[in-house]
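Worksheet for the structure shown next.
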Amino acid sequence: MEPEQPSPDTEHESLHEEQHLPPPTLWPIGFAIGIVVVLVGLVINPELISSIGAVIAIVFGFLWARDATAELRGQPLVVEPERREMREAGEGMTAPPADQQGVALPPVPETAVTRSRFLEGATLGLGGVIGGLITVPVAGFALLPSFLSQKQHKVDLGPLSTFPLNKWYIATFTVDPMQGEVSRRTAFIRNNGTVTDSKGNASPSFTIISNRCAHLGCPVQANGPTGQKFTGNPSITEHTDNGRVDLESVLPAGYGCPCHGGQYDPEGNRIAGPPVRALDRYAFEVDNGRLILLSTYSVAKVVGTGAQAKIYKYKQAGPGQHVDGPEQWFYPLQPPHH
Ligand code: FES
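Count the sequence shown with this note's numbering and you get residues 146 to 483, in order.
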């Protein structure tokens, strides 16, 4: 009994399944990991982690592109070795190569650009240009702000003499004059006089409370009358390096949030509603007799009032974020806040 010969169809399928392709490469995986690191870094630490991710993506992207374009650049494509047995051509079988059966086609010089190679190159090139036109502007808008200077600016609120002792003012000011009104902020300010430390050094004391609600960031408002008619103190407008500074006198019994009813006492401690901590405060310095606002910091609570207040101070945190107690561990990663 003669051994069963494979049918032409079976032979064709088996040859098709055994196509010889370039070996798999790890470069795309490395490139993807780099992109993921860049995106995670944008949330955690844009300058350090995103930079590391960018380096990874660039190195692996370069290696990947070099592999993908090797054939176009005239370098021989590395493929797995041929393992199929060569057979004589027969009826219904795939023909052997032309050079084993006489000249079927004129030989193509190695340096010639064939039509398929030209189309492949044109497709890749055009695809690259279109992809670049789409992704570069989007990536620029997404990534550049992380590397541009967005630090807290100093804010000149005017001379210390503008702020009478133990009087509250609602101050509105622009943080960055270049950005204009979009950077206008509000703070509640009281001049506490001077405070003397344990070494006998006296320094000015101000309570400067941010109006950003510690729940979701809505602007809180003073609970109390405003204006000279009720407070006895005139409202003031100063013009400083930061532009116009408006100071409206107020008698605050506390602060209230219009969004979800959060309530705070005059020192900014939460007393009711959904906020998770006290209101943030501004650090300050006195420069040439002028009150200068610095960056904001977060506060868990304040014990005492005025110059004698003990402030439980923390690094700036986002609205809704606990800064002390066990709840703080639910927020391990936070984007930068200003
Ligand atoms: S944002 Fe202020 S209570 Fe919700």
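Ideal placement from N, C-alpha and C gives every residue a C-beta, glycine not left out.
Computed from a predicted model, the values in this text were never measured in an experiment.
Under the 10 Å beta carbon count, S394 is surrounded by 16 or more other beta carbons and is classified as buried. Ranking L361, G369, G407 and D432 by CA distance to the CA of Q466 puts L361 first. Note that the C-beta distance between A332 and S350 is not below 8 Å. With fewer than 16 other Cβ atoms inside 10 Å of its own Cβ, G377 counts as exposed.
With a cutoff of 8 Å on beta-carbon distance, K312 and N337 are scored as not near each other. The segment 256 to 323 contains, as complete alpha helix (DSSP H) runs of 4+ residues, the segments 260 to 292 (chain order). When C-alpha distances from V182 are compared across L269, V390, A202 and D391, the shortest belongs to A202. Residues of the same chain with a CB within less than 7 Å of the CB of A367, apart from the 5 flanking positions on each side, are I315, F333, V395, P397 and Y400 in chain order. I279 and L288 have their alpha carbons spaced roughly 15 Å apart.
Put simply, the backbone Cα of A417 is about 30 Å away from that of V320. In this structure the segment 448 to 455 does not lie against the segment 382 to 392, because fewer than three pairs of beta carbons, one per stretch, are closer than 8 Å. Residues A445 of the same chain have their beta carbon placed closer than 6 Å to that of D469, with the five preceding and five following residues left out of the count. The closest CA to that of A454, considering only G413, W474, D212 and T441, is found on G413. For the 8 Å CB-CB criterion, T385 and L438 do not form a contact.
For S443 and V421, the gap between their C-alpha atoms comes out near 11 Å. Separation of the CB atoms of G206 and G198 is rounded to 12 Å, and the pair is thereby denied contact status at 8 Å.
Residue H298 holds the alpha-carbon nearest to the alpha-carbon of P322 among R426, K344 and H298. For T170, there is no enclosing alpha helix (DSSP H), as DSSP gives it neither H nor E. The three-state secondary structure of G186, taken from DSSP, is helix. Assigned with DSSP and collapsed to three states, G179 falls in helix.
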